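Numbered by this note's numbering, the letters in the sequence shown go through residues 1 to 244 in order. Below you'll find the structure, written out as structure tokens, and then a few comments.
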Amino acid sequence: MLVSLAGASAAGGLPGGAAKGAPSWAGGAEGCFREQGEAEVRTCMTRYLERNMPPWDVDNRGTLELGILGTTVELALEARKNHSWAGDVPWGTFKDWVLPYASVNEARSAWRGLFAAELAPLVKGAASRREALLRLNRGLWSALRPWGPIVFRHQQTPLIYDPMSTVAYGYASCTGISIVLVDALRSVGVPARLVGTPAWNGDVAAGNHNWVEAWIEEEDEEQAAGGAQSGGSGWGFPEGLPAG
């Protein structure tokens with residue numbers, strides 16, 4: 001069973017602020033981040049993660065604070081500073097769909113450092129979030145695993161679907177492939193989220209399916225070879241290339 005990190009369906013996201021149904025907090029994202037110095041912004045981001053930690057993470061809060069939350073915040077801010085198309089993402093969208101350290105109940109790990117280091121070269125010089133998405137989806141599967149690219153293999157969830165297991169084993173089904181793409185996009189400052197259905201095309205026998213939504217804003221048409229079809233409100237829905 002996969003449980004969403006957000007409080008409601010990701011399909012209700014609002015690109016200019018917090019997603020519909022997402023957890024709220026005192027003052028809102030814009031109120032916290034507006035006209036703050038970097039140290040204050042870092043504190044706001046950390047508190048946001050702490051206050052909106054899913055119930056199953058609360059018991060391990062100390063471990064997450066020690067090993068994951070700090071680097072998550074630092075690297076999210078670094079991506080925002082390093083890429084112009086990340087820097088102009090509204091704070092509400094950024095905190096909900098770039099900052100989070102996980103998508104569902106996958107195993108927790110500090111994946112962001114590895115992803116940022118290996119994938120930043122792929123998006124260097126990209127002129128937009130759409131271009132960054134296209135470059136990532138074409139190249140990340142080998143960049144993260146140069147000794148053998150990540151490929152699709154059906155019926156791997158829940159055995160293999162967290163990002164580091166997918167990299168280690170070199171394969172995953174649609175859930176694991178989609179989580180890797182979400183995390184890759186977040187690592188370079190592109191808002192992304194995991195979405196899905198428990199019964200593909202309404203048929204329980206067909207099983208579940210997961211895919212990705214990315215906030216590319218300027219995208220409004222289907223792109224070939226790892227692109228994204230517009231879902232309205234600036235959100236496109238790319239398929240992870242190995243699963244396409």
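Think of the CB as a built atom: it goes at the ideal place given N, C-alpha and C, for glycine as much as any other residue. Here the structure is a predicted model, which means the values were calculated and not measured.
Rounded to whole angstroms, how far is the Cβ of residue i from the Cβ of residue j, which I believe are closer than 8 Å?
i, j, result
"LEU119", "VAL190", "Between VAL190 and LEU119 the Cβ distance is about 11 Å, and since that is not below 8 Å, they are no contact."
"VAL212", "LEU181", "5 Å"
"CYS174", "ALA107", "Actually they do not touch by this definition, with Cβ atoms about 18 Å apart."
"LEU194", "ILE179", "6 Å"
Assign residue i to one of two classes, buried (16 or more other C-beta atoms within 10 Å of its C-beta) or exposed (fewer than that).
i, result
"ASP96", "buried"
"SER142", "exposed"
"HIS154", "exposed"
"TRP56", "exposed"
"ASP183", "buried"
"ALA225", "Reliability of the predicted coordinates at ALA225 is poor, the pLDDT of 37 falling under 50, and the value obtained from them is presented with this limitation in mind. Under this definition ALA225 is an exposed residue."
"THR197", "exposed"
"LEU66", "exposed"
"ALA116", "buried"
"TRP91", "buried"
"TRP235", "buried"
"GLY87", "exposed"
Using only CA atoms, which one of the options lies nearest to residue i?
i, options, result
"TRP215", "LEU159, MET45, TRP85", "TRP85"
"SER233", "VAL89, TRP147, ALA168, GLU217", "GLU217"
"ARG42", "LEU99, ARG186, ASP88, ALA132", "LEU99"
"THR93", "ASN60, ALA206, ARG80", "ARG80"
Run through DSSP, which three-state label would residue i get?
i, result
"ASN210", "strand"
"ILE179", "helix"
"ALA107", "coil"
"ILE68", "helix"
Could you pull the DSSP bridge partners for residue i from this structure?
i, result
"TRP215", "TRP235"
"VAL151", "TYR171"
"ARG42", "In the DSSP output, where bridge partners are listed per residue, ARG42 has none listed."
"ARG193", "GLU213"
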